[in-house]
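Asker: So that we are looking at the same thing, I have put the structure below in C-alpha cells.
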Amino acid sequence: MGDHSLRLVEAAKPMGQRHILVIGSQCPKLGKLSFLPDVAVRFHAVMTNPGPGECVGAAVGDPPGLLLDPTVAQAKSAVKSEYHLAANAGATLILAYIGHGEFVRGDFFLMPTDAACPPTSDEAILFAQFIKELTNQP
Numbered sequence: 008m009g010d011h012s013l014r015l016v017e018a019a020k021p022m023g024q025r026h027i028l029v030i031g032s033q034c035p036k037l038g039k040l041s042f043l044p045d046v047a048v049r050f051h052a053v054m055t056n057p058g059p060g061e062c063v064g065a066a067v068g069d070p071p072g073l074l075l076d077p078t079v080a081q082a083k084s085a086v087k088s089e090y091h092l093a094a095n096a097g098a099t100l101i102l103a104y105i106g107h108g109e110f111v112r113g114d115f116f117l118m119p120t121d122a123a124c125p126p127t128s129d130e131a132i133l134f135a136q137f138i139k140e141l142t143n144q145p
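In my numbering, the protein residues as written are 8 to 145.
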C-alpha cells in the first residue's frame with residue numbers, strides 16, 4: 008500500500024471550515040460596471056450554498072459575507088475583522104473582490120466607492136500590503 012494509501016486517508020479527512028467575504032464595489036469616478044452587483048450576489052450564493060462552496064459567510068454584510076459598495080474604511084474594517092475571526096477559528100478565509108481596481112506604479116489597488124483617483128494606500132486598498140500587515144499582527 009505505502010504512500011498511495013496514506014494519500015487516500017489524507018484525502019478522506021474532512022475539510023476545515025471556510026469563511027468567505029465577497030466585496031462587490033463600484034468606484035463612480037471610474038464609470039459604471041454593468042455586471043455589478045449581480046455577479047457578486049451570484050458568486051456569494053454559489054460559495055455559501057451546499058455543494059461546491061459550502062462556505063460560512065463572514066460576520067459582516069447582508070446576507071452575511073456579502074458586502075456591496077462599501078467605503079474604503081468599511082471594506083478595510085470588514086477584511087481585517089474577518090481575517091482575524093477566521094485565523095482565530097483555524098478556518099480558511101476566501102476573499103473575493105469584484106469591482107474596480109487600479110494598477111499604479113507596480114501596485115494594485117482595490118477601488119471601493121469613495122476611493123481616490125489616483126489611489127493612495129489611505130484612500131484606496133493597497134491589497135497585497137494590507138494583507139501583509141494583517142499577517143504581521145498578533
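Glycine included, C-beta positions come from ideal geometry on N, C-alpha and C.
Would DSSP call F115 helix, strand or coil?
Answerer: Residue numbering aside, residue 115 sits at position 108 when the sequence shown is read from its first letter. Of the three classes helix, strand and coil, the one that applies to F115 here is strand, per DSSP.
Asker: Taking its Cβ as the centre, do 16 or more other Cβ atoms sit within 10 Å of G38, making it buried, or is it exposed?
Answerer: The residue given as residue 38 occupies position 31 in the sequence shown. Label assigned to G38: exposed.
Asker: For S41, count neighbouring C-beta atoms within 10 Å of its own C-beta (all shown protein chains included) and say buried if the count is 16 or more, exposed if not.
Answerer: Within the sequence shown, numbered from 1, the residue matching residue 41 stands at position 34. So S41 counts as exposed.
Asker: Buried or exposed: Q33, going by 16 or more other Cβ atoms within 10 Å of its Cβ?
Answerer: Locating residue 33 in the sequence shown gives position 26, where the first residue counts as 1. Q33 is buried by the Cβ-count criterion.
Asker: Along the chain, where does the alpha helix (DSSP H) that runs through L92 open and close?
Answerer: Here residue 92 corresponds to residue number 85 of the sequence shown, with the count starting at 1. L92 -> alpha helix (DSSP H) spans 79-96.
Asker: Given K36, which residues of its chain have a CB within under 7 Å of its CB, disregarding the five upstream and five downstream residues?
Answerer: Translated into the one-based positions of the sequence shown, residue 36 becomes position 29. Excluding residues within five positions, the ones whose Cβ falls inside 7 Å are C124.
Asker: From what residue to what residue does the beta strand (DSSP E) around A47 run?
Answerer: Numbered from its first residue, the sequence shown carries residue 47 at position 40. From DSSP, A47 is part of no beta strand (DSSP E) but of the alpha helix (DSSP H) over 45-55.
Asker: When DSSP labels each residue in this structure, what does F42 get in the three-state scheme?
Answerer: Position 35 of the sequence shown holds residue 42. Here F42 sits in coil by DSSP.
Asker: Is E140 helix, strand or coil by DSSP?
Answerer: On the sequence shown, position 133 is the one that residue 140 refers to. Reduced to three states, the DSSP call for E140 is helix.
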